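A.B. asks: Counting from 1, one number per residue, gives the positions in the sequence shown under full-length UniProt numbering.
Just so you know, even glycine gets a beta-carbon here, dropped at the ideal spot from N, CA and C.
Just so you know, these numbers come straight off a predicted model, no measurement behind them.
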Amino acid sequence: MKNEITSDIQAKAVIYCRVSTKEQVTDGNSLITQERLCREYASKEGFEVTELFIEKGESAKTADRKELNRLLDFCTKKSNAIRAVIAYKIDRISRNLADYSYIKVKLNKADVEIRSVTEYFEDTPAGRFMENIIANVSQFDNEVRTERSVGGMREAVNEGRYVWNAPLGYDNVRMDKSTIAPNHLAPLIKETFQLIAQRTYPTEVIRLMMHQKGLTDKNGNPVNRAYFFRIVRNPLYKGIIKTFGMTVQGSFEPIVEPDLFDEVQAVLNDRKNTVKHYLKENPDFPLRRFVTNEGGKLLRGYWAKGKTKKYPYYSFQQVGTTIRKETLESIFLNYLQSLSYDSVQLKQLKRYLDNHFTKRVNNEEKAAVAIQERIKELDKQIDKLIELHTAEKISSTIFTSRIKKIEDERDDLLELQKSKITENVDVNGLLRSAAKALKQPHSIWQNGNLELKRAWQKFVFPKGLVFDGTNLRTPKICRLFNLKAIFDEQKFSKVTLRDTGKNTLSGTNLPLSDNIALESKECAASVMTDLLVLREIRRGNSKELKDLYEEYQYSAAA
Numbered sequence: 001m002k003n004e005i006t007s008d009i010q011a012k013a014v015i016y017c018r019v020s021t022k023e024q025v026t027d028g029n030s031l032i033t034q035e036r037l038c039r040e041y042a043s044k045e046g047f048e049v050t051e052l053f054i055e056k057g058e059s060a061k062t063a064d065r066k067e068l069n070r071l072l073d074f075c076t077k078k079s080n081a082i083r084a085v086i087a088y089k090i091d092r093i094s095r096n097l098a099d100y101s102y103i104k105v106k107l108n109k110a111d112v113e114i115r116s117v118t119e120y121f122e123d124t125p126a127g128r129f130m131e132n133i134i135a136n137v138s139q140f141d142n143e144v145r146t147e148r149s150v151g152g153m154r155e156a157v158n159e160g161r162y163v164w165n166a167p168l169g170y171d172n173v174r175m176d177k178s179t180i181a182p183n184h185l186a187p188l189i190k191e192t193f194q195l196i197a198q199r200t201y202p203t204e205v206i207r208l209m210m211h212q213k214g215l216t217d218k219n220g221n222p223v224n225r226a227y228f229f230r231i232v233r234n235p236l237y238k239g240i241i242k243t244f245g246m247t248v249q250g251s252f253e254p255i256v257e258p259d260l261f262d263e264v265q266a267v268l269n270d271r272k273n274t275v276k277h278y279l280k281e282n283p284d285f286p287l288r289r290f291v292t293n294e295g296g297k298l299l300r301g302y303w304a305k306g307k308t309k310k311y312p313y314y315s316f317q318q319v320g321t322t323i324r325k326e327t328l329e330s331i332f333l334n335y336l337q338s339l340s341y342d343s344v345q346l347k348q349l350k351r352y353l354d355n356h357f358t359k360r361v362n363n364e365e366k367a368a369v370a371i372q373e374r375i376k377e378l379d380k381q382i383d384k385l386i387e388l389h390t391a392e393k394i395s396s397t398i399f400t401s402r403i404k405k406i407e408d409e410r411d412d413l414l415e416l417q418k419s420k421i422t423e424n425v426d427v428n429g430l431l432r433s434a435a436k437a438l439k440q441p442h443s444i445w446q447n448g449n450l451e452l453k454r455a456w457q458k459f460v461f462p463k464g465l466v467f468d469g470t471n472l473r474t475p476k477i478c479r480l481f482n483l484k485a486i487f488d489e490q491k492f493s494k495v496t497l498r499d500t501g502k503n504t505l506s507g508t509n510l511p512l513s514d515n516i517a518l519e520s521k522e523c524a525a526s527v528m529t530d531l532l533v534l535r536e537i538r539r540g541n542s543k544e545l546k547d548l549y550e551e552y553q554y555s556a557a558a
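1) Label His211 either buried or exposed according to how many other C-beta atoms from any shown protein chain fall within 10 Å of its C-beta, with 16 as the threshold for buried.
2) Determine which residues share a DSSP beta bridge with Val19 and list them.
3) With distances taken between CB atoms, is the gap from Ile386 to Arg410 smaller than 7 Å?
4) Would Val533 pass as a contact of Leu268 if the rule is Cβ separation under 7 Å?
5) Tyr314 and Leu328 look like a contact to me (Cβ under 8 Å); what is the Cβ gap, rounded to whole Å?
6) Just confirm the distance between the C-beta atoms of Val416 and Ile371, as a whole number of angstroms; I'd bet it's less than 8 Å.
7) Would you report the Cα separation of Arg288 and Pro258, rounded to the nearest angstrom?
8) Going by beta-carbon coordinates alone, are Leu37 and Cys17 separated by less than 7 Å?
9) I'd like the span of the alpha helix (DSSP H) that includes Arg230, first residue to last.
10) Output the distance between the C-alpha atoms of Lys350 and Cys523, rounded to the nearest integer angstrom.
11) Would you please state the rounded distance, in angstroms, between the beta carbons of Met246 and Val163? I believe it to be under 8 Å.
12) Taking a contact to mean a Cβ-Cβ separation below 7 Å, would you say Ala84 touches Ala181 in this structure?
13) Keeping to the same chain, check which residues put their C-beta closer than 6 Å to that of Lys458; ignore five residues upstream and five downstream.
14) Expressed to the nearest angstrom, what Euclidean distance is found between the alpha-carbon atoms of Met199 and Asn482?
15) Which same chain residues end up closer than 6 Å to Val427 when comparing Cβ atoms and leaving out the 5 residues on each side of it in sequence?
16) State the start and end residues of the unbroken alpha helix (DSSP H) segment that holds Pro202.
17) Does the distance between the C-beta of Lys177 and the nearest non-hydrogen atom of the ligand ADP fall short of 6 Å?
18) Among the residues of its own chain, which have a CB less than 7 Å from the CB of residue 572, if the five just before and after it don't count?
19) Is it right to say Gly214 is buried, meaning 16 or more other beta carbons lie within 10 angstroms of its own, or is it exposed?
20) Does DSSP put Val527 in a helix, a strand or coil?
21) Going along the chain, which residues of its own chain have a beta-carbon closer than 6 Å to the beta-carbon of Lys190, five neighbours each way excluded?
22) Who does Ala13 pair with in a DSSP beta bridge?
23) Within 10 Å of its beta-carbon, does Pro283 have 16 or more other beta-carbons around it, so buried, or fewer, so exposed?
24) Any idea what DSSP makes of Ser330, helix, strand or coil?
25) How far does the alpha helix (DSSP H) with Arg70 in it reach, from first residue to last?
26) Leaving aside the five residues before and after Thr405 along the sequence, list all residues of the same chain whose C-beta is less than 6 Å from its C-beta, in chain order.
27) Compare the beta carbon distance of Lys463 and Pro475 with 7 Å and say whether it is the shorter of the two.
28) Here's a check: name, in chain order, each residue in its chain whose Cβ is nearer than 6 Å to the Cβ of Leu438, leaving out the five neighbours to either side.
29) In angstroms with no decimal places, state the Cα-to-Cα distance between Lys218 and Ile86.
30) Is the distance from the Cβ of Asn293 to the Cβ of Phe316 below 7 Å?
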């Protein structure tokens with residue numbers, strides 16, 4: 001054989017032991033037995049053991065193992081004069097033929113051979129052939145088991161069952177056999193599809209809106225951009241399973257109708273995904289259907305014929321509810337103007353966001369380290385599950401379920417690494433672009449086209465306005481303008497208007513709906529979301545909007 005041991009000089013060797021499960025590590029018997037048998041073999045063959053490498057809880061499916069890499073570095077250094085690596089069996093070194101061949105070639109270049117305690121092969125063509133067969137047995141066994149697992153999954157798909165980790169909006173359940181069922185997030189998923197199909201807002205704005213309504217991932221974090229598009233592109237939500245090259249109608253309840261899903265795909269495929277719904281609206285009456293009376297009846301707009309010309313009016317189509325268009329819109333503009341930030345308040349807003357995001361950056365740096373450690377841990381869990389499945393210690397059903405769950409979590413963590421809000425958002429830049437809108441919110445509405453007016457009033461008053469016959473009020477004002485009132489230590493925002501007669505509004509009294517703790521991260525996150533939405537509104541509108549959002553130097557304003 002190669003590397004014959006001389007009688008006068010004892011050759012040096014290292015021992016490599018490995019177990020792949022925590023139970024084996026805790027029990028210790030397997031490692032102890034491997035080491036004892038390897039030492040007995042070394043003594044019998046005349047080797048001096050100079051180093052012991054023990055791999056605890058690592059799979060042999062991959063060559064990327066800490067102790068194995070350390071062993072290769074140690075053995076390839078000429079100064080260590082290692083002649084052999086002793087292992088209990090070849091599969092302790094690798095269960096993958098390609099990896100084993102790589103390890104063997106690297107060791108052979110350093111004049112180091114692999115010795116197996118329980119397997120014997122000579123350095124001859126026949127011996128090397130047998131060595132390759134032995135190295136290939138474990139890989140063959142793994143592939144056979146994987147093939148059986150895939151066969152079981154194919155059978156489940158043919159039955160219309162989705163047996164992997166449930167996507168957002170579904171839960172894994174068991175009804176005779178494993179499947180999925182809609183959960184409490186399903187209505188929000190459906191609303192997301194409906195909003196996209198309406199073509200009212202850009203998809204990024206819809207993502208931010210749905211986050212405010214409670215749509216989060218399974219860890220309670222905002223659904224990032226990549227994850228959001230995976231959701232709205234996933235045919236599973238219309239009840240279709242696409243996998244293994246098959247397209248099968250699922251036996252579970254779909255969250256969205258097929259027609260709605262297909263309409264959303266058409267919208268997403270259309271590069272001109274602009275605000276089209278409002279083009280059907282009458283540009284003369286931007287407050288139409290945005291204001292209601294106390295009974296929930298929607299405001300309407302119409303032109304009334306006079307003797308010589310037409311006159312515009314708003315009405316709830318009930319006796320005594322008619323009001324001239326210019327009167328109602330003047331009241332609305334006055335209220336918007338009352339929400340204006342001044343230079344001092346803009347400074348407060350900047351300090352507030354700077355303080356919050358300085359803390360957030362520090363927290364996210366720590367989170368990034370934790371995410372990376374978690375990904376490494378998940379990789380180890382995958383290897384261990386494969387090892388357990390290969391050893392027939394867990395069933396194929398449990399193996400498939402756990403692997404899918406771990407891989408989904410790993411994918412989410414990788415996406416999370418790429419989409420940290422703090423890394424992609426320029427707070428000062430957002431404030432510069434938003435400053436004029438914050439100082440003149442009434443001008444945004446007054447000078448905009450219909451699309452802009454509808455988007456802006458919906459942004460400022462997310463739940464619309466209510467007219468009780470005397471006053472306008474709202475159940476909610478967006479966080480950005482709500483925060484301004486908190487800076488002023490006001491509980492209500494009120495605009496008193498002159499009484500202009502029977503068919504007018506005498507005043508506007510709009511309570512702030514949310515008492516938010518100023519220092520809470522939820523408050524700061526909501527304000528940042530509003531700034532992002534404001535930016536998207538700015539990007540999606542016409543020349544009038546661009547003129548309105550001319551470059552504004554925040555430092556000068558402050």
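C.D. replies: By the coordinates alone:
1) Label assigned to His211: buried.
2) Answer is Lys56, bridged to Val19.
3) Taking 7 Å as the Cβ cut-off, Ile386 and Arg410 do not qualify as a contacting pair.
4) Not closer than 7 Å, so no.
5) 5 Å between Cβ atoms; contact.
6) In the sequence under discussion, the amino acid at residue 416 is Leu, which differs from the Val named in the question. Correct: roughly 6 Å between the Cβ atoms.
7) Approximately 32 Å between the Cα atoms of the pair.
8) In this structure, Cys17 does not lie closer than 7 Å to Leu37 by Cβ.
9) Judged by DSSP secondary structure, Arg230 falls within the alpha helix (DSSP H) whose first and last residues are Arg225 to Val232.
10) Whole-angstrom Cα-Cα distance: 14 Å.
11) Not a contact, Cβ separation roughly 14 Å.
12) Here Ala84 is not near Ala181, since their CB atoms are 7 Å or more apart.
13) Around Lys458: no qualifying Cβ.
14) In the sequence on display, residue 199 carries Arg and not Met. Distance between the alpha carbons of Arg199 and Asn482 is about 28 Å.
15) Leu353 and Phe357, listed in sequence order.
16) No alpha helix (DSSP H) contains Pro202, which DSSP labels as neither H nor E.
17) This structure does not include the ligand ADP; it has no bound ligands of any sort.
18) A question about residue 572 goes unanswered here, because the residues of the chain that appear run from 1 up to 558.
19) Exposed: under 16 other Cβ atoms inside 10 Å.
20) The three-state reading of DSSP puts Val527 in helix, counting H, G and I together.
21) Ile255 and Val256, listed in sequence order.
22) Bridge pairing for Ala13: Val49 and Ala84 [DSSP].
23) Exposed is the call here.
24) Of the three classes helix, strand and coil, the one that applies to Ser330 here is helix, per DSSP.
25) Run containing Arg70: Lys66 to Cys75, per the alpha helix (DSSP H) assignment.
26) Checking the sequence, you will find Lys at residue 405 rather than Thr. For Lys405, same chain residues with a beta-carbon under 6 Å away, outside a window of 5 residues either side, are Asn165 in chain order.
27) The answer is yes: Cβ separation under 7 Å.
28) Cβ neighbours of Leu438 within its own chain (closer than 6 Å, five residues either side excluded): Tyr341.
29) Going by C-alpha positions, Lys218 is about 46 Å away from Ile86.
30) Yes, they are a contact pair.
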